[in-house]
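S.K.:
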Amino acid sequence: MTEIIKLHTIMLSNVNLDEMSMGEANAMDKKYERKIRIRITILALSAIFIVALTIVMAYCGGGDSRVIPSYALQFGSLSIVISLVYLFVRIKFYSDLLKDKFKLRKFNNPERIEYKRRLHEKSGGDVWTITFLMSELVTVISAEYSVDAFHAGLILVIVHLLVKAIYYFYYKKFSKE
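Count along the sequence shown from 1, add 78, and you get the number used in my numbering.
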C-alpha cells in the first residue's frame with residue numbers, strides 16, 4: 079500500500095518513473111529538505127537582524143519629529159513590520175512544506191524550479207536582490223535621521239521595484255525558454 083501511495087505521489091509530481099527510481103526520488107527529496115531547512119535558518123536570522131536593528135535605532139535616538147516628517151517615520155516603521163510579517167509567513171510556509179511530503183514533492187518539480195530560477199535571473203537575479211535590500215536598509219535607517227537621504231533612498235527603492243516588476247512581467251509573458 080505504501081508503495082502505491084509513493085508511486086502515485088511521484089506520478090502527480092510530474093516525475094517520470096522510467097527516468098528516476100524510488101531511491102533517487104527519495105534522495106532528491108532529502109536534498110530539497112536540506113535546502114528548505116537552510117532557507118528557514120536564513121529567514122530566521124534575517125528576522126533577528128531586523129529586530130536587532132530596530133532596537134539599535136530606538137536606542138540611538140533619531141526620529142525627531144521636529145526635523146523628520148511623519149511620513150518618513152511611518153515608511154520606516156511600515157517597512158520593518160512588512161519585512162517581519164513576510165519573513166514569518168515564509169518561515170511558516172517552508173515549515174508546513176517540510177511536514178507535508180506530497181507538497182514537498184510538488185514544489186520540488188525540476189521544471190518548475192528551473193523556470194523560476196531563469197525568470198529570477200533574467201529579471202535582475204541576486205545582484206538586484208542584494209542592491210534592493212541594501213537600498214531598503216539605507217532608506218529605513220535614513221528615515222530616522224535625514225530627510226534628504228530618506229528621499230534619495232525612497233526614489234532608489236521605487237526605481238528598483240519598478241525595474242524589477244517590468245522585467246519580471248516582461249520575461250514571464252514573452253520568454254519562450
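Where is the CB? At the ideal position from N, CA and C, for every residue including glycine.
1. Buried or exposed: Gly139, going by 16 or more other Cβ atoms within 10 Å of its Cβ?
2. Taking a contact to mean a Cβ-Cβ separation below 8 Å, would you say Arg190 touches Leu121 in this structure?
3. Quick one: grab the DSSP three-state call for Pro188.
4. Measure from the alpha carbon of Lys200 to the alpha carbon of each residue in Ala136, Ser220, Val241 and Val216, then state which is nearest.
5. Would you decide whether Asn187 is buried or exposed? Buried here means 16 or more other CB atoms lie within 10 Å of its CB.
6. As a quick exercise: from Glu111, Glu214 and Val225, pick the residue whose alpha carbon is nearest that of Ile236.
7. Here's a check: name, in chain order, each residue in its chain whose Cβ is nearer than 6 Å to the Cβ of Leu232, leaving out the five neighbours to either side.
8. Which residues bound the alpha helix (DSSP H) around Val145?
9. Rounding to the nearest angstrom, what Cα-Cα distance links Gln152 and Ile118 in this structure?
10. Between Phe210 and Ser220, how many whole angstroms is the CB-CB distance? I'm expecting something under 8 Å.
11. Just the C-alpha distance for Ile146 and Phe171, rounded to the nearest angstrom, thanks.
12. Only counting the same chain, and skipping five residues up and downstream in sequence, which positions put a Cβ closer than 8 Å to that of Leu197?
13. Would Asp107 and Arg195 qualify as a contact pair, given that the criterion is a beta-carbon distance under 8 Å?
M.R.: Based on what the coordinates show:
1. It is exposed - the Cβ of Gly139 has fewer than 16 other Cβ atoms within 10 Å.
2. One thing to note: Arg190 has its Cβ no nearer than 8 Å to the Cβ of Leu121.
3. Helix, per DSSP.
4. Among Ala136, Ser220, Val241 and Val216, the Cα nearest to that of Lys200 belongs to Val241.
5. With fewer than 16 Cβ atoms within 10 Å of its Cβ, Asn187 is classed as exposed.
6. Checking every option, the nearest Cα to that of Ile236 belongs to Glu214.
7. Taking C-beta separations shorter than 6 Å and ignoring five residues to either side along the sequence, the partners of Leu232 in its chain run Thr217, following chain order.
8. Looking at the DSSP string, Val145 is not in any alpha helix (DSSP H), and its letter there is neither H nor E.
9. Gln152 and Ile118: Cα-Cα distance of roughly 28 Å.
10. So it is not a contact: roughly 16 Å between Cβ atoms.
11. Cα to Cα, Ile146 sits roughly 37 Å from Phe171.
12. Correct list, in chain order: Tyr246, Tyr249, Lys250 and Ser253.
13. Not closer than 8 Å, so no.
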